[in-house]
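Numbering (the working numbering), first residue to last: 22 to 114.
Structure follows, in structure tokens:
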């Protein structure tokens with residue numbers, strides 16, 4: 022099944038342990054880019070296990086939403102609804 026999901030993006034919540042971490046790993050093995058949420062940043066070993074199969078190989082940082090905030094405050098936003106944008110620093114996607 023390796024490569025079957027190449028070019029697809031998957032979102033897995035609860036990727037810290039149990040079913041979530043296994044689903045994220047399997048999706049990554051199948052070629053998907055995997056975005057996760059996991060509450061394990063303080064544990065370097067567990068953090069590495071999760072970020073190894075995320076789309077960007079790391080957790081997002083709060084300052085990385087600056088462009089989104091700027092866009093929402095700009096006149097350009099009139100073209101979109103911006104009904105919901107998760108701003109959790111990548112820990113809660």
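C-beta: ideal position from N, C-alpha, C; glycine also.
Hey, out of the options, whose CA is closest to residue i's CA?
i          : options        : result
residue 37 : 30, 72, 27     : 72
residue 55 : 27, 64, 65, 92 : 27
Name the DSSP beta bridge partners of residue i, please?
i          : result
residue 33 : 57
Determine the direct distance from the alpha carbon of residue j to that of residue i, and round the result to whole angstroms.
i          : j          : result
residue 66 : residue 90 : 32 Å
residue 45 : residue 84 : 25 Å
residue 87 : residue 57 : 21 Å
residue 70 : residue 24 : 20 Å
residue 78 : residue 97 : 31 Å
residue 93 : residue 82 : 19 Å
Quick check on the burial criterion: 16 or more other C-beta atoms within 10 angstroms. Buried or exposed for residue i?
i          : result
residue 49 : buried
residue 29 : exposed
residue 53 : buried
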